[in-house]
Structures are given as C-alpha cells and as structure tokens.
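The sequence shown: position 460 = 1102 (the working numbering), numbered continuously. Report on one structure; see the data block that follows.
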Amino acid sequence: MRQALLEYDYDWNMQRVFDQGSRSLDGTRKEFERARSRFPTMGTVMDLFYQYEDVGRAMTKGSAKYISNIVTARQDGRKVALTTFCMSPALCYAMDVVPLLIEPITAVGNLSRKYGMGEFMDYCLEIGFAETACSAQRGAMGAYLAGAAQKPDFVLCNMSGICDTNTSAFAFAAEALDLPLFQCNFPPEMRGERADAYHRSDYRAMIDFIAEQTGKPLDPAKLRGVLEEIQKQDELIVEMQDYQRMIPSPIPTTFNLFMYLLRFLFGGTEDGTKTLEEMLKVIRKNVQEGRPGNRFGEEKARALFVYTDHYGGGLPLWNFLDSRGITHLGCIADRFYQQAAPYVRDGEGYTVDATDLDSMIDTMAALNCRMPMVKQIRGPYDAPDMWLEEIRAQRELYNPDFAVYMGTPGCRNTWGMVKLLAKQLEKEGLPTLIINADVFDERVESWSMTQARFEEFLDVRRIGI
C-alpha cells in the first residue's frame, strides 16, 4: 500500500469531505458552484444532493455527523462496534455504542475518492484474506486492517447462515485486529415457533455480549426512545413505498438510495426521521403536481433491482436512469418488512411493541432477522418467504417493465441461484438483466461497460423506447 494512503486516517478524511460538502449546501447557488469546483471527484454527487436542497443538506450533515461519531468515539468515552449493514444499528444507539457499518463506509469512499477503494481492497489480500471475498467489506476494512483508521473495540456480525463471505470477512477482521466477536446465527426458515424462539434467544445473547464489552447494561428507557423513532421511520418509509405504486412514480431516483442509507446509518435516531420527513415533502409535492420523480420529466420505463445497486464513483447508475427516464423501484436493500409495508403479507413483517423490556427486545429481534439479505436469501430462492416470493409480490405491486441483478463476485449465495431466478422471472414475463460487474470495484468492469450492457438490453428488449 502506498505510504500516502497512511498519512491521514481514512475515516477522518471522509468526515472532513462530508462536513465540507454539507457546508457548501448552506450557501447560495453561486457559492455552491464555487465550492463544487474544489470537489471534482464528488461533483456529480453534490449536484444530485443540491437538487433537493433540504434533503441533500440533511443527508450530508447526517453522514458527516455519523462518521464524526466514529472518529471521536474514544475521546467521548464510547465503544465502536465494527458491524454490517445487515444488522440494524438501533441496538447500538440504545446501548450508547457507535456502529461502524463497513459496507456503507466502503461506498462513501467510492463516491468521494478519485481512485476509489481499490488499494484498500488489495491490502486485505496482501495480508491473507481471500481474493474471492466480497468487495463491500474489503474496501473500508482494508483501511482499518492497515491502521489507517481508528481501531474499533469489538465486532458484531449478522450474516451467519446468510452470506459466507460477509461472515468470513468479519471473522478475519476480528482475528487480525484481536477483537472480541459475536456472530448472530440464522436458521433457514424466517418464521415459525422454533425460528422465532431462536432469533429471540440469539438476540438476547448479543445484548449480553455488548453489555460485557461496554460495562453498561441495556437501558430500557433508551431502547424505548429508539423504538419510538423506528416506529416514526417505519410509517414514513411505508408511505413512500406506497407512493411508489403510482404511474408515473413521484419518487426521485436517488431517494431509494437515501432511504436505505438512512435506515442503515441512522435507524432509530432523530436525524434519520427528520431526513425522511424532508424526503416525503418532496414526494408529496410531486404527487400534487402530477410529476414523475425522475429528472427526465417523463417515465419511460420502470426498473426493479432484485439485489443491490451500483456504487461507482459519481453515482453513475442513478444518473443513467435519470437520463433514460427510468424509474428506480427499489432494491433488496430498502425492504425492511414492516408489517404495514405494501409488499408484506400477514405474519411476514414485524410490528413495534414497546409494552415492556421483553416485548421491546422481541421487536428488535424480529426487526433484525428481517433486515435486507437476512430475510430474503437465508434459504432456497424459491422457498416460502424467500427471494422469489418477494420479487413476485413487488412485481404485482409496482408493475416493473424489467428486473436487474447486480452484485459482487463475492455474492456466492445469490450467484448460485440467480440464473434459476432469472429463468423463472423470464418465464413469468418479466425481462431480467444479469450484470456481471462488481458494484464496489470498477476495476472488475468499468461503469461504461456496464452501461453499454444496460443499453443493449433495453434496445434488444424494446424497453423504454
């Protein structure tokens, strides 16, 4: 690894970038353009944020605050938990722990760094981690393993039984950094008496583990406050996803990205709730004026992303969709399975119950076992409550013109099923595109090549033409 990458801590660097970016949104358009010229790598990202000023301001300020909490945790007397986007951060906030979600921190680097996260990814390989592991973890994790960021205090993993590369990455980091590790495990079935009992027991064991690491027991009052914010966020997200059923959809193209980033980073916090409220103001205005949410001004097609989005520098996916008038109908990352969500069937979702401590912990366990990926790919793709059922429910609800699969070469669980999934969706009349790229590492396939595959698919299938 180049010495230059070790001169400044990666997390501190990202905090400064987002702090300055958020300040640029406080000024006039002229002041913004002047500031934008100082951020050439983030220019297109800043444009997308400035388009919806209050939303963009809330997102960037919230992101800067989140990263700042990681950087200053030790001097503030708080512990940092290295964890994954598949685990709700709400419990950490309730126990006064700073959650360090490694995959969003990798995406942040891709968005803001000229050369992306490639050298940090490669460092993981240099010290013995598998080349076939997921780049979502290898990016930011490389910075922490190299000592180019504040060392976390312990590790929480939420993917045992779901994603072997994710689980292996956190186990490797725990061993390399000599950190205590807790792994949440998941049975192949999501619900049922035995599965519910297992989820609740395992979640309580994790609470005990965190209490042991911090020396502080779970505070019921703090947990109740976090659940109250989750309830508010659930209602806001459900309303947005209900609006998404409209043709044309009034949801701006980037709002699905914002929705799940908020839930991953700020789940159960007032910052997350306030930003969702600002997003909903924009959506309601579009509904009142009968406007589509995309910047093209017309809805030419509707795309359902059945796995992840693409997190290349400058958010190229969202700019591409906007340029073609294609509505983004969401991806696996923004399905949280609140019982009131429009795509959820009876008994499949969770509800917030803050009656007493036991009911609150049971609520958190139910929420946690329905997090993105944890819910959909723990069993065979065509099993009850799994991937195919979800896509069928969303197809019926959102009326997509086509489906898209993209991920990373390390997503072996989904790669083992996706061709069967695509064949079934095509058989049922839904054109499905499989992208062989790495959504966190453009060295595998450049965005220009990925875009060419998109365009070829749309042209051949006569979609949005």
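Using N, Cα and C, we set each Cβ at its ideal position, and we do this for glycine too. From a predicted model like this one, the values you see are computed outputs, not experimental measurements.
- ALA1035 is a Cβ neighbour of ARG987, given a cutoff of 9 Å.
- Taking one beta carbon from each stretch, the segment 1039-1054 and the segment 1072-1080 have 3 or more pairs nearer than 8 Å; the two touch.
- Taking a contact as a CB-CB distance under 8 Å, the pair ALA788 and LEU724 does not count as one, their CB atoms being some 14 Å apart.
- Taken through DSSP and simplified to helix, strand or coil, ALA1079 comes out as coil.
- Per DSSP, PHE947 is one residue of the beta strand (DSSP E) stretching across 943-947.
- Residue pairing for THR969: DSSP places it in a beta bridge opposite ARG944.
- Bridge partners of GLN980 according to DSSP: TYR992.
- The straight-line gap separating the alpha-carbon atoms of LEU957 and LEU903 is approximately 14 Å.
- In the pairwise beta carbon analysis, the segment 860-873 is classified as touching the segment 732-740: at least three pairs are separated by under 8 Å.
- Following the DSSP letters along the chain, one finds PRO862 in no beta strand (DSSP E) but inside the alpha helix (DSSP H) bounded by residues 862-885.
- Secondary structure at TYR757: coil, using DSSP grouped into helix, strand and coil.
- Per DSSP, reduced to three states, the secondary structure at ALA788 is coil, with no helix or strand assignment.
- Segment contact: the segment 694-713 against the segment 774-784, fewer than three CB-CB distances shorter than 8 Å; contact not assigned.
- Going by beta carbons, GLY909 and ILE872 fall inside the 9 Å limit.
- DSSP lists GLN825 as the beta-bridge partner residues of CYS799.
- Taken through DSSP and simplified to helix, strand or coil, THR725 comes out as strand.
- By the neighbour-count definition (other C-beta atoms within 10 Å, threshold 16), LYS1065 is an exposed residue.
- The Cβ atoms of ALA1079 and HIS952 lie closer than 9 Å to each other.
- Looking at the DSSP output, ALA1045 sits in a beta bridge with LEU946, THR1074.
- ALA646 sits exposed, since fewer than 16 C-beta atoms from the chains shown fall within 10 Å of its C-beta.
- Using a Cβ-Cβ distance cut-off of 8 Å, the segment 1049-1058 and the segment 891-900 are not in contact, since fewer than three pairs of beta carbons, one from each stretch, lie closer than that value.
- The three-state secondary structure of VAL740, taken from DSSP, is strand.
- DSSP, reduced to helix, strand and coil, places ASP850 within a helical segment of the structure shown.
- For MET1091, the enclosing alpha helix (DSSP H) begins and ends at 1089-1102.
- Considered as a whole, the segment 1019-1070 harbours 1029-1040, 1054-1057, 1060-1069 as its complete alpha helix (DSSP H) runs of no fewer than 4 residues, in chain order.
- Annotated as proximal: GLN980 and VAL880, with beta-carbon spacing under 9 Å.
- Looking at the backbone, the Cα of ARG866 and that of GLY991 are separated by about 20 Å.
- With the rule of 3 Cβ pairs closer than 8 Å, the segment 911-928 does not count as touching the segment 992-1008.
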